[in-house]
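As you go down the protein sequences, you meet chains R, V and U in turn. Just so we're aligned: 103 in this note's numbering is position 100 of the first sequence, and the numbers increase by one with no gaps anywhere. Just so we're aligned: 293 in this note's numbering is position 281 of the second sequence, and the numbers increase by one with no gaps anywhere. Just so we're aligned: 822 in this note's numbering is position 216 of the third sequence, and the numbers increase by one with no gaps anywhere. From the three backbone atoms N, C-alpha and C, an ideal C-beta is built for every residue, glycine too. Because the structure is a prediction, the values reported are computed rather than measured. Notes follow once the structure below has been shown.
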Amino acid sequence: MALVNESAKMEVQDLNAFYGPSRAIQDINLQFADRKVTAIIGPSGCGKSTLIRCLNRLHETAPHAHAEGSVFLDGEDLYRMDPTAVRRRVGMVFQKPNPFATMSIYNNVSAPLRFNTRPSREKMDQAVLRALKQAALWDEVKDRVDAAATSLSGGQQQRLCIARALAGNPEVLLMDEPCSALDPIATSKIEELIAQLKAEYTVIIVTHNMQQAARVSDFTAFMYLGKLIEFGPTEDLFERPKEKLTESYITGRFG
Amino acid sequence: MTPGNPFPTSHPERIHRAPKVGDITFLILLLLATIAVVALMVALVVVLLYQSRLAITTLGFSYLTGRVWGPETNVYGILPALIGTLITSAIALLIAIPLGLGAAIFLTQHAPTWLRAPVGQLIELLAAIPSIIYGFWGLIVLVPLERTVVEPKLITYLGWTGLFNSTPIGLDILTASLVLSVMAIPTVTAVSRDSLAAVPRSQKEAAIAIGATDWEVTRRAVIPYARSGIIAGSVLGLGRALGETMAVLLVIGNRPIIPSSLLSSGTTIAALIANELTEAFQPLEAPALFEAGLILLSIALAINVGARLILSRLQAGQGAAAE
Amino acid sequence: MKFDLAGRRKIFSHGMTVLSGLAIVVIMVPLVAVVYEVFLLGAPVINGAFFTQQIPYPCTPEPGITCHQGGVLVPLEGSLVLIGLSSLLAVPIGIGAAIFAVEYGGERRSARLIGMVADVLSGVPSIVAGAFALSLFIIYDPTQAFSYLDASIALAVLMVPIVTRTCEEALRTVPHSVREAALALGISRWKMTVRITFVSALPGVITGILLAIARSAGEAAPLLLTLGQGCAHPLQGITAEGCALPLWIFYGATNPYQNWYNLAWGCALLLLGLILILSVLSRFTLDWMARRMRGE
Ligand SMILES: Nc1ncnc2c1ncn2[C@@H]1O[C@H](COP(=O)(O)OP(=O)(O)OP(=O)(O)O)[C@@H](O)[C@H]1O
Ligand SMILES: [Mg+2]
Numbered sequence: 004m005a006l007v008n009e010s011a012k013m014e015v016q017d018l019n020a021f022y023g024p025s026r027a028i029q030d031i032n033l034q035f036a037d038r039k040v041t042a043i044i045g046p047s048g049c050g051k052s053t054l055i056r057c058l059n060r061l062h063e064t065a066p067h068a069h070a071e072g073s074v075f076l077d078g079e080d081l082y083r084m085d086p087t088a089v090r091r092r093v094g095m096v097f098q099k100p101n102p103f104a105t106m107s108i109y110n111n112v113s114a115p116l117r118f119n120t121r122p123s124r125e126k127m128d129q130a131v132l133r134a135l136k137q138a139a140l141w142d143e144v145k146d147r148v149d150a151a152a153t154s155l156s157g158g159q160q161q162r163l164c165i166a167r168a169l170a171g172n173p174e175v176l177l178m179d180e181p182c183s184a185l186d187p188i189a190t191s192k193i194e195e196l197i198a199q200l201k202a203e204y205t206v207i208i209v210t211h212n213m214q215q216a217a218r219v220s221d222f223t224a225f226m227y228l229g230k231l232i233e234f235g236p237t238e239d240l241f242e243r244p245k246e247k248l249t250e251s252y253i254t255g256r257f258g
Numbered sequence: 013m014t015p016g017n018p019f020p021t022s023h024p025e026r027i028h029r030a031p032k033v034g035d036i037t038f039l040i041l042l043l044l045a046t047i048a049v050v051a052l053m054v055a056l057v058v059v060l061l062y063q064s065r066l067a068i069t070t071l072g073f074s075y076l077t078g079r080v081w082g083p084e085t086n087v088y089g090i091l092p093a094l095i096g097t098l099i100t101s102a103i104a105l106l107i108a109i110p111l112g113l114g115a116a117i118f119l120t121q122h123a124p125t126w127l128r129a130p131v132g133q134l135i136e137l138l139a140a141i142p143s144i145i146y147g148f149w150g151l152i153v154l155v156p157l158e159r160t161v162v163e164p165k166l167i168t169y170l171g172w173t174g175l176f177n178s179t180p181i182g183l184d185i186l187t188a189s190l191v192l193s194v195m196a197i198p199t200v201t202a203v204s205r206d207s208l209a210a211v212p213r214s215q216k217e218a219a220i221a222i223g224a225t226d227w228e229v230t231r232r233a234v235i236p237y238a239r240s241g242i243i244a245g246s247v248l249g250l251g252r253a254l255g256e257t258m259a260v261l262l263v264i265g266n267r268p269i270i271p272s273s274l275l276s277s278g279t280t281i282a283a284l285i286a287n288e289l290t291e292a293f294q295p296l297e298a299p300a301l302f303e304a305g306l307i308l309l310s311i312a313l314a315i316n317v318g319a320r321l322i323l324s325r326l327q328a329g330q331g332a333a334a335e
Numbered sequence: 607m608k609f610d611l612a613g614r615r616k617i618f619s620h621g622m623t624v625l626s627g628l629a630i631v632v633i634m635v636p637l638v639a640v641v642y643e644v645f646l647l648g649a650p651v652i653n654g655a656f657f658t659q660q661i662p663y664p665c666t667p668e669p670g671i672t673c674h675q676g677g678v679l680v681p682l683e684g685s686l687v688l689i690g691l692s693s694l695l696a697v698p699i700g701i702g703a704a705i706f707a708v709e710y711g712g713e714r715r716s717a718r719l720i721g722m723v724a725d726v727l728s729g730v731p732s733i734v735a736g737a738f739a740l741s742l743f744i745i746y747d748p749t750q751a752f753s754y755l756d757a758s759i760a761l762a763v764l765m766v767p768i769v770t771r772t773c774e775e776a777l778r779t780v781p782h783s784v785r786e787a788a789l790a791l792g793i794s795r796w797k798m799t800v801r802i803t804f805v806s807a808l809p810g811v812i813t814g815i816l817l818a819i820a821r822s823a824g825e826a827a828p829l830l831l832t833l834g835q836g837c838a839h840p841l842q843g844i845t846a847e848g849c850a851l852p853l854w855i856f857y858g859a860t861n862p863y864q865n866w867y868n869l870a871w872g873c874a875l876l877l878l879g880l881i882l883i884l885s886v887l888s889r890f891t892l893d894w895m896a897r898r899m900r901g902e
C-alpha cells in the first residue's frame, strides 16, 4: 500500500517470514514514511513482532527462521546489505527493557559507539549526553552514569534502551511494544519522547494499545493472522476504517 | 547544546562496511578449538592403537584370554588385571549403591531443608579429595586395620564361604574395593539425588492420597519415577571406579595374578599400567600395556556413553512431560 | 488386626528413614577419617622450611641420627607450573569449543556433538590420558617424553571436557535477549560474543576453570607416566623432568624414609587446602553467575 504525499523511508515488498515451515507473515506490502511515526496494531500472534524484526534483519537470527521478499531502505534492498550495517541504520527497542546487565549506564549508552565506530572519548561523551537527553533520562541519571544499568527502574531502563539505540545514530527506530512493561507515567514519558523523535527519525512502533497508536502515530497498519488488512493515515483508519475486520478490532468487538 | 535546537547533530559519518575480517578470524579460531576437542577424542584411540599394534598383531586373541602376565617370560595375558578391575569395581558399587541411594533418599525426602545444601556440599568435597590422598590414607590407616582387625575376623566367621580364605595381608582386593567405594559414592549420590529431586510433587501426592507411609511413597512412587537417573548415577560411579589408579595402586598389592579370594593381592588394568609402563623394557611389554590402556579406555567410554544415553533419554522424557 | 498392620507399616517406614539417615553418617566416616589423618600427620611439618627448602636426603631417624626435614619447594613449584601450562592448553580449547557450540552451532547437530564429545572425554581414565601423552612424545620426541610439557598435555586432556561443559552451560544461561540487544545495535557477531555474551557468562566460565584446575591439581596417575624423576633438583624448565605435590605424596608413601613420608603428609595437607580453596572459590563464582543472571 503506497503512501500519498509522503516520501517512503522504508518499503516492504511481498514479504513472507517463516519459523521453520510455518509462515508467520504473508505477502506484506507496506511503506513507512520518512520522519513520521507508523504504528502497527493487531491481535496477539498476528505477526507484528515478526514484521518489524524483518526490518532490521533480526528475524533471521531466530532458530530456523528465514524471510522471503524484499525490504528497501532508501531504495536499497536490506537483504542485499550486510546485516550489521542494516542494524546500525535501523535501531530497535524491545518489549522488555534489556540493558546490558554487566555494564554501567554510561557503558550501555556508549555500547554502539564503543563496539562499532570507536570515536574519541570526547565525542563519545557528547553522544552519550545527547542520547540520554533525547531519551529524557539525563536529568534522572546525570549524577550516576557509572552506576549499574540494572539499578534503574523498569521505565528508566526502557528509556536507557532507547538512549542506547539512539546513540548508534540510526535513521529508523523500531519499537516493539516499548511501553507494555511500564506504568502510565513512564508510558506517557515515552510517548512524549516519540513525538519529539520523529523530527529526526522514522519511527515504527508496535503497540497493543489503540489509544496509544491514535495518540502517537501518523500512519497505522492493522494486521490480522499474518496479513496486512489495512493501512492508512491514523485518523482515517480509526475514524473511517475501510475493512470490516479493522472496524470490529478498533471498536473492541472482536473474536 | 543550544536551547533552540535540542538535537544539533544529525547522522554524521556512518560506517556501512562492517568489519568482516574480525568475524572470520574469530570463527576460524573457534573452529580450530572445536576440531581440537573432537580430534582429541579420535587421537586418544588412534595413538593407543598405534602404540599397541605390535602386541595386537603378535599376541592376538591370546592376550585377551591369557591368565598369566609375565614380562620376564614374554607372556602377556590381560585376564588377571581385567578380572581384578571388574571384581574391585563390582564390590565398590555393591557398597556404593545402597549407601549413595540411601543418602540421596534422605537428602531429598527426609532431611530438613537447611541440612540439604551443606550435606550435599560435604559429599561434593568427598569427590574433590584427590585419589592419591585416599590411596595414602588407605595404605597407612586402612591396610593395617584390615590386616590386624577386620580380615582375621572375616576369616574366622566367613571363611566357610570361600571368599575369605587367604592370609590377611591387608594389601588386597577387599581393601581396594573399599577405597574405590568411597570414590564411587559421591557420583552415585549426586546423580541419584538430582533425579530424585526432579520427581514432580504430584507423583508423591498421588501415593500419599491413598494412605501410603513415607517409605511406601518413596518405594512405590519416587524411586520408580527416578529409576533411570539412579541407574545412570550407578553406571557413572562404576566408570569412576574402573578407571581409578592411585587409590588402587597403593592398596591392592600389585600382583598380576587372578585373585583366589577377596583377601588375595591382585591388580587392575589402571594399576598395572601405572606400575609397569615406565619400566617396560621387554620388546612386547610396552605395546601390551598400551593395549591394556586401549581396553580400559573402551570399557570406560562404553560405560560413560551408556550412562549419558540413559540420562539424555531421561531429560528428553522430562521435557516431553513438561510440555 | 488391621490396626496392627498399619502400625507395622509405620514402624517399617520409620526404620527406613533412619537407615537412609544412617547412610549419610556412614558416608561421612571416610571423609572425616581422611581429613583428620591428613591434618594430624600433615600439620606438624608445615612451617617456613616446608615451603622454601629442597627435598632432603632420604633419612630415617635412629639413635644418634637426626634427619633434616627439608621442604617441598620443588613439588610445589612443579604443581604451579603444571597448573599454568595445562590451563594454557586446555582453557582456550575448551572455551573456544563451547562458544562454537552455543553461539554458532545453534540447534544443529554439530552443537550437540561437541557437548557429547566433552561428556565422553570426561570419562577417560586419568591413567589413559597419561599413556596417551607419553605416546605422543615417544612418537614425536622421546627425549622430552618425561617433562612438564608432557605431563601438562596429559592433564589438559582431563581438563578440556570440564572447561567445555561448564563454559557451555554458562553461555546457555545468558538470556537470548542480551544477544538480541547487541545484534540490534549492529555490533558485529564476534565482538558481541566476546565482549557481551562471554563477559556475561564470565563467572560461570571461571567456575569451570577452577573446577578443572581442582581436578587436575590432585591427579597423580598421569604424572607417574609423564613427569619423570625431577624431585631432587630445582626446576630446570618445562622440557625437563619434574615433580609435583601429588607425585611427591606417592614417593613418600612408597619409600621407607621417615622424612620423605612426613613431607608427603605435608603435601597431602597442602593439596587438600588448595582444593578446598578452589572449590570454595568456585562456589563463590557460581553464586556470582547466578546473581548476574538475575540481573543484580
Ligand atoms: N521463535 C518462534 N518460533 C516459532 N514460532 C514463532 C516464534 N515467534 C513467533 N512465532 C509465531 O509466529 C506468529 C507471529 O508471532 P509474533 O510474535 O510476530 O506475533 P505478535 O503480533 O508480535 O504477537 P504479540 O502481540 O503477542 O507480541 C505467532 O503465531 C507465533 O506463534
Ligand atoms: Mg510481539
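Buried or exposed, going by whether 16 or more other CB atoms sit within 10 Å of the CB of Ile27 (chain V)?
On the second sequence, residue 27 (chain V) is found 15 positions in, with the first residue counted as 1. Any reading at Ile27 (chain V) must be qualified, since the residue scores a pLDDT of 40, below 50, and its modelled position is unreliable; the value itself is stated next. Per the 10 Å Cβ criterion, exposed.
Using CA atoms only, rank isn't needed, just tell me which of R:Asp146, R:Arg243, R:Thr190 and R:Val89 is closest to Gln98 (chain R).
Your numbering for residue 98 (chain R) matches position 95 in the first sequence. Checking every option, the nearest Cα to that of Gln98 (chain R) belongs to R:Thr190.
Taking Cβ positions, are Asn865 (chain U) and Pro731 (chain U) nearer each other than 8 angstroms?
One-based indexing of the third sequence puts residue 865 (chain U) at position 259. One-based indexing of the third sequence puts residue 731 (chain U) at position 125. For Asn865 (chain U) and Pro731 (chain U), no; Cβs fall outside 8 angstroms.
Can you pull the chain R residues whose beta carbon is under 7 angstroms from the beta carbon of Lys797 (chain U), in chain order?
Counted from its first residue, the third sequence places residue 797 (chain U) at position 191. The contacting residues are Phe118.
How long is the line joining the alpha carbons of Gln327 (chain V) and Thr160 (chain V), rounded to whole angstroms?
Stepping through the second sequence from its first residue, residue 327 (chain V) is reached at position 315. Stepping through the second sequence from its first residue, residue 160 (chain V) is reached at position 148. One C-alpha to the other measures close to 48 angstroms.
Which residues, taken in chain order from the segment 873-893 of chain U, show a beta carbon closer than 7 angstroms to some beta carbon of chain V?
Ala874, Leu877, Leu878, Ile881 and Ser885
Measure from the alpha carbon of Cys673 (chain U) to the alpha carbon of each residue in U:Leu892, U:Leu869 and U:Trp854, then state which is nearest.
In the third sequence, the residue the question calls residue 673 (chain U) occupies position 67. The shortest C-alpha separation from Cys673 (chain U) is found at U:Leu869.
Buried or exposed: Asn861 (chain U), going by 16 or more other Cβ atoms within 10 Å of its Cβ?
Position 255 of the third sequence, counted from the first residue, corresponds to residue 861 (chain U). It is exposed - the Cβ of Asn861 (chain U) has fewer than 16 other Cβ atoms within 10 Å.
Pairwise C-alpha distance: Leu637 (chain U) and Leu611 (chain U):
Numbered from its first residue, the third sequence carries residue 611 (chain U) at position 5. Numbered from its first residue, the third sequence carries residue 637 (chain U) at position 31. If you take the alpha carbons of Leu611 (chain U) and Leu637 (chain U), they lie about 40 angstroms apart.
Heavy atom of ligand 1 less than 7 angstroms from the Cβ of Ser911 (chain U), yes or no?
Since the first residue of chain U shown is 607 and the last is 902, residue 911 (chain U) is not available in this structure.
Closer than 9 angstroms at the beta carbon, the chain U residues around Tyr146 (chain V)
Residue 146 (chain V) sits at position 134 when you count from the first residue of the second sequence. Pro636 and Val640, listed in chain order.
Coil, strand or helix - Thr279 (chain V) by DSSP
Counting from one through the second sequence, the residue named residue 279 (chain V) turns up at place 267. Of the three classes helix, strand and coil, the one that applies to Thr279 (chain V) here is coil, per DSSP.
Can you tell me whether Trp227 (chain V) is buried or exposed, with buried defined as 16 or more other CB within 10 angstroms of its CB?
In the second sequence, residue 227 (chain V) corresponds to position 215, counting from 1. Classification for Trp227 (chain V): buried.
How far does the alpha helix (DSSP H) with Gly810 (chain U) in it reach, from first residue to last?
For the purposes of this step, residue 810 (chain U) is taken as the residue at position 204 of the third sequence. Here the alpha helix (DSSP H) through Gly810 (chain U) covers Phe804 to Ala823.
Please check the pair Ala93 (chain V) and Leu321 (chain V), which I expect to be a contact at CB under 8 angstroms, by giving their CB distance rounded to whole angstroms.
Within the second sequence, residue 93 (chain V) is the residue found at index 81, counting from 1. Within the second sequence, residue 321 (chain V) is the residue found at index 309, counting from 1. Actually they do not touch by this definition, with Cβ atoms about 27 angstroms apart.
In the segment 103-189 of chain R, which residue ranges form an unbroken alpha helix (DSSP H) of at least 4 residues, counting only runs that do not cross its ends?
108-115, 124-137, 141-144 and 157-170
Determine the contact status of Ser246 (chain V) and Leu41 (chain V), defining contact as a CB-CB distance below 8 angstroms.
Numbered from its first residue, the second sequence carries residue 246 (chain V) at position 234. Numbered from its first residue, the second sequence carries residue 41 (chain V) at position 29. For Ser246 (chain V) and Leu41 (chain V), no; Cβs fall outside 8 angstroms.
Where Leu691 (chain U) sits in the DSSP three-state scheme
The residue you call residue 691 (chain U) lines up with position 85 of the third sequence. Three-state DSSP puts Leu691 (chain U) in a helix.
State the Cα-Cα distance for the pair Val87 (chain V) and Arg65 (chain V), rounded to the nearest angstrom.
Locating residue 87 (chain V) in the second sequence gives position 75, counting from the first residue. Locating residue 65 (chain V) in the second sequence gives position 53, counting from the first residue. Cα to Cα, the separation comes out at about 16 angstroms.
Near Lys2 (chain R), what residues of its chain come up, given a Cβ to Cβ distance below 8 angstroms and the 5 sequence neighbours on each side ignored?
Because chain R here runs from 4 to 258, residue 2 (chain R) falls outside it and cannot be looked at.
Return helix, strand or coil for Glu242 (chain R), following the three-state DSSP convention.
As a first step, residue 242 (chain R) must be located in the first sequence, where it is residue number 239. Residue state, collapsed to three classes: helix.
For Ile759 (chain U) versus Gly814 (chain U), is the C-beta distance shorter than 8 angstroms?
On the third sequence, residue 759 (chain U) is found 153 positions in, with the first residue counted as 1. On the third sequence, residue 814 (chain U) is found 208 positions in, with the first residue counted as 1. No. Outside cutoff.
Name, please, each residue of chain U whose Cβ falls closer than 7 angstroms to the Cβ of Arg91 (chain R).
On the first sequence, residue 91 (chain R) is found 88 positions in, with the first residue counted as 1. Residues of chain U passing the Cβ test: Gly792.
Residue environment, Gly249 (chain V), which counts as buried when at least 16 other CB atoms sit within 10 Å
For the purposes of this step, residue 249 (chain V) is taken as residue 237 along the second sequence, with counting starting at 1. Label assigned to Gly249 (chain V): buried.
Decide if Pro667 (chain U) is buried, meaning its Cβ has at least 16 other Cβ atoms within 10 Å, or exposed.
Sequence index remark: in the third sequence, residue 667 (chain U) carries index 61 (1-based). By the neighbour-count rule (16 or more Cβ atoms within 10 Å), Pro667 (chain U) is not buried but exposed.
Indicate the three-state DSSP secondary structure (helix, strand or coil) for Thr770 (chain U) in the structure shown.
Residue 770 (chain U) sits at position 164 when you count from the first residue of the third sequence. Looking at Thr770 (chain U) - three-state DSSP - the assignment turns out to be helix.
Chain R contact residues for Leu719 (chain U), given Cβ-Cβ distances below 7 angstroms
As a first step, residue 719 (chain U) must be located in the third sequence, where it is residue number 113. Under the 7 angstroms cutoff, chain R gives no residues; its nearest Cβ is about 17 angstroms from Leu719 (chain U).
Among residues of its own chain, excluding the 5 on either side of Arg90 (chain R), which ones have a beta-carbon nearer than 6 angstroms to its beta-carbon?
Here residue 90 (chain R) refers to the residue found at position 87 of the first sequence. Excluding sequence neighbours, Arg90 (chain R) sits near Asn59.
Within 10 angstroms of its Cβ, does Glu71 (chain R) collect 16 or more other Cβ (buried), or is it exposed?
Counting from 1 along the first sequence, the entry for residue 71 (chain R) is found at position 68. So Glu71 (chain R) ends up on the exposed side.
Beta-carbon distances below 5 angstroms to any heavy atom of ligand 1 define the shell here; list its residues in chain order, please.
R:Tyr22, R:Ala27, R:Ser47, R:Gly48, R:Cys49, R:Gly50, R:Lys51, R:Ser52, R:Thr53 and R:Ala65
Going by other Cβ atoms of all chains shown within 10 Å of its Cβ, with 16 needed for buried, is Asn653 (chain U) buried or exposed?
On the third sequence, position 47 is the one that residue 653 (chain U) refers to. It counts as exposed.
8 angstroms is my cut-off, CB to CB: does Pro115 (chain R) come that close to chain U?
Within the first sequence, numbered from 1, the residue matching residue 115 (chain R) stands at position 112. So, interface residue.
Below 8 angstroms on the Cβ atoms is my guess for Ala286 (chain V) versus Leu261 (chain V); work out the distance and round it to an integer in Å.
As a working mapping, residue 286 (chain V) is identified with position 274 in the second sequence. As a working mapping, residue 261 (chain V) is identified with position 249 in the second sequence. Yes, Ala286 (chain V) and Leu261 (chain V) are in contact; Cβ-Cβ is about 5 angstroms, under 8 angstroms.
Nearest to Phe118 (chain V) (by Cα), restricted to the options U:Ile633, U:Ile671 and U:Leu695:
Position 106 of the second sequence holds residue 118 (chain V). Checking every option, the nearest Cα to that of Phe118 (chain V) belongs to U:Ile633.
With Gly229 (chain R) and Gly50 (chain R) assumed to form a contact (beta carbons below 8 angstroms), what rounded beta-carbon distance in angstroms separates them?
Taking the first residue of the first sequence as position 1, residue 229 (chain R) is located at position 226. Taking the first residue of the first sequence as position 1, residue 50 (chain R) is located at position 47. About 4 angstroms separates the two Cβ atoms, so the contact holds.
Limits of the unbroken alpha helix (DSSP H) element including Asn177 (chain V)
The residue given as residue 177 (chain V) occupies position 165 in the second sequence. From DSSP, Asn177 (chain V) is part of no alpha helix (DSSP H); its letter is neither H nor E.
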